[in-house]
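Residue numbers (this note's numbering): 145 to 253.
Written out as structure tokens, the structure is:
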């Protein structure tokens, strides 16, 4: 299968999507949910973009570079926002986002 060359990226994308979904759900449970609005918004965006890119790679998309660039930006933005919050789920999400952004940037030449 042609997407096997992207196996490690696909794994990181999936981990980031899961971390963002967990952070999203956890942020909604926080007492200060209004203060978490940007984190929640970026979690959703990042999770959706990672999931789309993951699926696209399994289909051997011709848009690898464009999607990798978009995904890296979404992950960087989400990771920066999550890093501002002390919650464990935010810190774990920030770490997953940074790792995913790094992997996506490797695909952009």
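Even glycine gets a Cβ: it sits at the ideal position worked out from N, Cα and C.
Leaving aside the five residues that flank residue 213 on each side, the residues in its chain whose CB is nearer than 7 Å to its CB run, in chain order, 252. Residue environment for residue 172: exposed (fewer than 16 other C-beta atoms within 10 angstroms of its C-beta). In terms of Cα proximity to residue 191, the closest of 202, 174 and 220 is 220. In terms of Cα proximity to residue 216, the closest of 174, 163, 243 and 166 is 243. Boundaries of the alpha helix (DSSP H) harbouring residue 168: 151-171, taken from the DSSP string. Residue 205 has its alpha-carbon roughly 14 Å from the corresponding atom of residue 153. When secondary structure is reduced to three states using DSSP, residue 231 falls in the coil class, being assigned neither helix nor strand. Counting of Cβ neighbours within 10 angstroms places residue 156 among the buried residues, the total reaching 16 or more.
By the CB criterion at 7 Å, residue 234 and residue 186 fall outside the cutoff. Counting only residues of its own chain and dropping the five nearest sequence neighbours on each side, residue 162 has no CB closer than 7 Å to any other CB.
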